[in-house]
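First to last, the sequence lines map onto chains L and F.
For the first sequence, my numbering assigns the number 421 to the initial residue and increments by one for each residue that follows.
For the second sequence, my numbering assigns the number 264 to the initial residue and increments by one for each residue that follows.
The C-beta atom is built at its ideal place from N, Cα and C for all residues, glycine as well.
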Amino acid sequence: MIPALFIFAYLAVVLYIGIFAFRRTKATGEDFFLASRSIGHIVFFLSLFATNMTAVAILGSAGFSYTRGVGVYGLMASSSSLVIPMTLFFIGTRLWAVGRRFGHMTQVAFFRDRWECSAIGTFIFFLTAAMLIPYLIVSIIGGGTILEALTDGHIPFALGGAIVAIVVMGNVFFGGMRGAVYVNVLQTLLFLSVGLTAFLVIGHNLPGGFAHTVQQMAADPAHRFLLTRDRIPRPEFLSYLFIPLSSIMFPHMAIMCFTAKQVTAFRKTVVLYPICIMAIWLPCCFLGAIGAYVIAKPLKIPDEILLRMLKLHAGPLLAGVLGAGIISAVMGSDCHQILALSTMFTKDVFDYYGGRKRFGERGTVFVGRAFILIANTAAYFVALRRPQIFGVVVPYAFSGFAALAPVMVAALFWKRSTKYGALAAALWVAACLIAIGLIEHHYAPGTTLLSAGGRPILFTMKPRGQFVIVGYLPVVFMTLGSAFFVIVVSLLTAPPSQATVDKYFPRSEQPRHTTAAPIVVPA
Amino acid sequence: MNRDLLQCQFVHAAPASALTTPRASQSNLLVMEPTTPPKNRWRWPLYALAILLLILHQDTWNWSRAEPLLLGFLPIGLAYHAAYTLACSVLLFLFVKHLWPTHLESATRESSTDSSTNK
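Right, here's the structure in full:
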């Protein structure tokens, strides 16, 4: 029970921070949802990073490595190290600028103004909300898994998940964005420091250390795959290059971009981001693979491997501190996800359709809080079914958001893009997600749906039944298809008014080719 | 064909310090320069470097290799991608130093309300 005590202490601190933030929060929508766009550089970086670190990054990566080997780091982490900072550099900075300039608080608000649309924006809202909910569920599953594993079942999964859900809800309910950001700072510092500690302590306590263990694994034909990519097909490895495009499209990440006080906050963020990814993913993937060798009895739930390794080789005291570190990473993004959903519903639906005019700023904040309560409760009951983390997240949330990236790129960089191009892309993404869901639900793993010349074209992979096309994940075709529809349909339809185009692409920011001499006037 | 159809707005201002804010110059004259921004000689080399890094991510030559073990315990494939991650950080440093969109730093609020779209 010692680890659980540390975790409860941590959860109490999180709740306190939320209440502390509540006292500093003004009763305005912009302050509750965006902390009045006042987040400084260091806090912005730590919070943005915590927003992106989830149960997937911690437990899911170790669990995935447990079954597929250390190649999972290259599969997800190193590709994220390039793609995510690049999207922050190109897209995040420009999102910040349009948010600062025009007062946008959500992606949909930006799309509506950029393309002069209404119902299309509402459709994109429902699509993104539907895709964000699985991510929310992942966090609750992660929290419940941690508490159950660290207490040997004394705190059952259902109760653990409920505790995490309530603490997150309390922090966000009272503190809004300010509460979420303050907690993120604590969480990122905690996890970065304890992650390294866990790695060193487990390595020290492992019989023979890491070197001896890895050498034995390399010499053992049954376990050598854990050190290579023999269980990761090459097309799948390539497909995962598209997955990190989802990061900037996650509503909670985009909304975080709006909170920075200055655009220069992105400078340090994009440079340090890869290093922080490595600090978390490398130990987790490595320990997951090592765990598959040192723990003889196969785990029913691979996502528990990191916690099992902590308990076996780090002792209860350190396991408790490290457990708090893990749960901090899980909850860090959960705060933002639930707040993002609340922000989206309040601004894109309630306020947009007249709620703020009728009920005022206080009414807006009240609705935001009520939505937090309802959405979190619904997510908790879905989480009770406990699907394996990656199986839930990858097909739906990651793929869907990655495939919407061309829509954002078109909005920010292409004057000729239209609302119908955006709609076509969004419909394509929605249709693909529904099709994938139906296929994976209907067909057993290892089923070939379509083949040509004896070669499978459309099939479901073993053992999880993931649907692939010629071996590539659907995200590849979804993203390319989305780009295709944005371009083609935009060119076939009328653009927004010139006034709107000039508003978002002011002449002062456009490259010109004049050769006029400079005009000098007294200041 | 209308050149605006496919015109994309990737505007990079003059190189700036990587991790510090540029200082505003002081002058008692307002100089209205020609609107053509100076060409950034770093743009295409850094774009090419980013694409190269993307290609290098698919290290098929390490696929089934576990040895050599770097530092005695890191399989070569994992060590390669750890080094790759550090290379990404260096690349982003160069992007920030040479391609930072300084024109965005002056973004100010033009509307006092959040988005007011046409219904």
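Do you know whose CA, among the options, lies nearest residue i's CA?
{"i": "L/Thr838", "options": "L/Phe531, L/Ile561, L/Pro915 and L/Ala846", "result": "L/Pro915"}
{"i": "L/Gly873", "options": "L/Val890, L/Thr548 and L/Cys755", "result": "L/Val890"}
{"i": "L/Arg457", "options": "L/Pro627, L/Ala680 and L/Leu647", "result": "L/Ala680"}
{"i": "L/Gly708", "options": "L/Ala744, L/Met669, L/Pro576 and L/Ala618", "result": "L/Ala618"}
{"i": "L/Phe593", "options": "L/Cys755, L/Ile553 and L/Ala550", "result": "L/Cys755"}
{"i": "L/Trp848", "options": "L/Ala864, L/Val827 and L/Gln527", "result": "L/Val827"}
{"i": "L/Asp723", "options": "L/Thr487, L/Tyr430 and L/His461", "result": "L/Thr487"}
{"i": "F/Ile318", "options": "L/Ser498, L/Thr474, L/Phe469 and L/Leu692", "result": "L/Ser498"}
{"i": "F/Ala342", "options": "F/Leu354, F/Val353 and F/Ala329", "result": "F/Ala329"}
{"i": "L/Ala674", "options": "L/Thr784, L/Ala517, L/Ala790 and L/Met698", "result": "L/Ala517"}
{"i": "L/Phe428", "options": "L/Ile575, L/Phe464 and L/Phe546", "result": "L/Ile575"}
{"i": "L/Phe545", "options": "L/Phe670, L/Trp701, L/Lys923 and L/Leu610", "result": "L/Phe670"}
{"i": "L/Lys835", "options": "L/Phe765, L/Thr920, L/Thr899 and L/Phe887", "result": "L/Thr920"}
{"i": "L/Val769", "options": "L/Thr784, L/Ile758 and L/Gln757", "result": "L/Thr784"}
{"i": "L/Gly438", "options": "L/Gly596, L/Gly623, L/Gly857 and L/Leu843", "result": "L/Gly596"}
{"i": "L/Gly580", "options": "L/Gln682, L/Pro655, L/Gln636 and L/Phe801", "result": "L/Phe801"}
{"i": "F/Asn325", "options": "L/Gly460, L/Leu552, L/Asp650 and L/Val906", "result": "L/Asp650"}
Any beta carbon from chain L within less than 8 Å of residue i's own beta carbon?
{"i": "F/Trp326", "result": "yes"}
{"i": "F/Leu317", "result": "yes"}
{"i": "F/His320", "result": "yes"}
{"i": "F/Leu309", "result": "no"}
{"i": "F/His344", "result": "yes"}
{"i": "F/Leu333", "result": "no"}
{"i": "F/Leu367", "result": "yes"}
{"i": "F/Leu341", "result": "yes"}
{"i": "F/Leu312", "result": "no"}
{"i": "F/Phe358", "result": "yes"}
{"i": "F/Gln289", "result": "Here F/Gln289 scores only 45 on pLDDT, less than 50, and its place in the model is too uncertain to base an answer on."}
Answer yes or no: does any C-beta atom of chain F fall closer than 8 Å to that of residue i?
{"i": "L/Gly820", "result": "no"}
{"i": "L/Phe630", "result": "yes"}
{"i": "L/Ala903", "result": "no"}
{"i": "L/Met828", "result": "no"}
{"i": "L/Thr784", "result": "no"}
{"i": "L/Thr684", "result": "yes"}
{"i": "L/Ala600", "result": "no"}
{"i": "L/Tyr713", "result": "no"}
{"i": "L/Thr763", "result": "no"}
{"i": "L/Leu616", "result": "no"}
{"i": "L/Pro718", "result": "no"}
{"i": "L/Thr766", "result": "no"}
{"i": "L/Phe509", "result": "yes"}
{"i": "L/Met506", "result": "yes"}
{"i": "L/Asp650", "result": "yes"}
{"i": "L/Gly954", "result": "The question about residue 954 of chain L has no answer, for chain L in this structure spans 421 to 943."}
{"i": "L/Phe956", "result": "Given that chain L is displayed from residue 421 to residue 943, the structure contains no residue 956 of chain L and the question cannot be resolved."}
Per DSSP, what kind of secondary structure is residue i in: helix, strand or coil?
{"i": "L/Arg521", "result": "helix"}
{"i": "L/Val588", "result": "helix"}
{"i": "F/Ser288", "result": "Since pLDDT at F/Ser288 reaches only 44, below the 50 mark, its modelled position is unreliable, and the value read off the structure follows with that caveat. It is coil, neither helix nor strand."}
{"i": "L/Ile889", "result": "strand"}
{"i": "L/Thr880", "result": "strand"}
{"i": "L/Trp834", "result": "strand"}
{"i": "F/Leu334", "result": "coil"}
{"i": "F/Ala311", "result": "helix"}
{"i": "L/Thr565", "result": "helix"}
{"i": "L/Ser910", "result": "helix"}
{"i": "F/Arg328", "result": "coil"}
Check this for me: beta carbons of residue i and residue j, under 8 Å apart or not?
{"i": "F/Phe356", "j": "L/Phe509", "result": "no"}
{"i": "L/Gly901", "j": "L/Ile668", "result": "no"}
{"i": "L/Phe678", "j": "L/Leu454", "result": "yes"}
{"i": "L/Phe469", "j": "L/Cys705", "result": "no"}
{"i": "L/Leu466", "j": "L/Asn604", "result": "yes"}
{"i": "L/Met589", "j": "L/Ile721", "result": "no"}
{"i": "L/Ser481", "j": "L/Met496", "result": "yes"}
{"i": "L/Ala841", "j": "L/Val909", "result": "Note that residue 841 of chain L corresponds to Gly in the displayed sequence, not to Ala. Result yes, Cβ atoms of L/Gly841 and L/Val909 sit closer than 8 Å."}
{"i": "L/Gly491", "j": "F/Gly335", "result": "no"}
{"i": "L/Ala822", "j": "L/Leu658", "result": "no"}
{"i": "L/Met473", "j": "L/Ser753", "result": "yes"}
{"i": "L/Ser974", "j": "L/Gln607", "result": "For chain L, the structure presents residues 421 to 943; residue 974 of chain L sits outside this window and is missing."}
{"i": "L/Leu610", "j": "L/Tyr713", "result": "no"}
{"i": "L/Gly615", "j": "L/Val584", "result": "no"}
{"i": "L/Leu502", "j": "F/Leu312", "result": "no"}
{"i": "L/Leu547", "j": "L/Ala855", "result": "no"}
Those runs of the alpha helix (DSSP H) which lie wholly inside the stretch 604-649 of chain L and span at least 4 residues: Whole alpha helix (DSSP H) segments, 4+ residues: 629-639.
Any alpha helix (DSSP H) of 4 or more consecutive residues that is wholly inside the stretch 453-513 of chain L: Runs of the alpha helix (DSSP H) spanning 4 or more residues and lying entirely within the stretch 453-513 of chain L occur at 461-472, 481-488 and 499-507, in chain order.
Whole alpha helix (DSSP H) elements within the stretch 719-807 of chain L, 4-residue minimum: Correct list: 725-733, 735-764 and 775-803.
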